[in-house]
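Going by the numbering used here, the first residue of the sequence shown is number 871, and it counts up by one from there. Here a beta-carbon is modelled for each residue, glycine too, at the ideal position from N, C-alpha and C. Quick caveat, the model's predicted, so the values are computed rather than measured. Please read the structure below before turning to the comments.
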Amino acid sequence: MIKRFSLKDERITKKINEIGSNLYPVILILSIIEILFKFNIGKYHIEDNLLVLIALIMSILYLCIRSLILRIPLFKTTDMCIKEIQNEYRHHSFAICIGTYIIGYFICESFFTEAKLYANFIWLVPLIIYITSIVKAGALSIDNKKAKKYEKNILIIATIIGSIFSGIFFNRYNLFVNGNINFDALELTIIYSLIFGVVYYFFISFLIKKSIKNTNREAKDLLSDDF
């Protein structure tokens, strides 16, 4: 039984790496389209495309360095072991792009409006596809009780931190006026925080439950294949 589930977990990991690997070229193409679009509307300066350039350079540089260290090809190969390593590194590069866009989006919206993305689907569409795919693969399921409790605590902490940050961010123009805190806007900030917290917590909980169901279904299929 342990062997079967360890093999299943390994297949899930490989599947997730494959999903991220396949989506990496997609986010690269969408990023290039963003740059071309800005060029078309007269946004030629580096600061106008700073966020996209950072995401592209960081992810490509990471992929090249890791590939050079292990001396593996960047592109096609017939060796399945090398293919799995390529998928893993491309998955990491995809994560770098997504992380850069998400963090950079909030920073640029708050401080550097000229560098913001004009088309947020660059990261939203690949991220939605990625989340949907890993849930379908059962990657969010947890069997160990202690691990479940730990993950639940992490989810609660993440919800609290995310709620506070989101409430401040979405109401920042009313909350901060001329460099001072407008206490009259605190009520609306709290409302924003509560809305985000409730939606985020139940959405992630739904994804975890959906992932567990998919895992249980795969486990039954594995057991049926053995008999």
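GLN956 sits close to THR947, with the two beta carbons spaced by under 8 Å.
As computed with DSSP, PHE1046 is found in a beta bridge with ILE1051. For a cut-off of 8 Å, the C-beta gap from CYS967 to ALA925 is around 5 Å, short enough to register as a contact. Contact between the stretch 936-943 and the stretch 912-921 is absent: fewer than three C-beta pairs spanning the two stretches fall below 8 Å. LEU944 carries a coil assignment under DSSP once its states are collapsed to helix, strand and coil. Check the Cα spacing between ILE977 and each of SER1036, ILE927, ILE1001 and ILE999: the tightest is with SER1036. Around the CB of PHE964, 16 or more other CB atoms lie within 10 Å, so the residue is classed as buried. Beyond the five residues adjoining it in sequence on each side, MET928 comes within less than 7 Å, by CB distance, of ILE966 and THR970 in the same chain, given in chain order. Shortest Cα-Cα distance from VAL1005 to any of ASN1084, PRO895 and VAL1069 involves ASN1084. The beta carbons of GLY890 and ARG960 sit closer together than 8 Å.
In the three-state DSSP reduction, ASN1041 falls in the coil class, being neither helix nor strand. Contact annotation: the stretch 1039-1050 does not touch the stretch 1070-1079, with fewer than three C-beta pairs closer than 8 Å.
Contact check for ILE992 and SER901: beta-carbon distance about 6 Å, within the 8 Å limit, so the pair qualifies.
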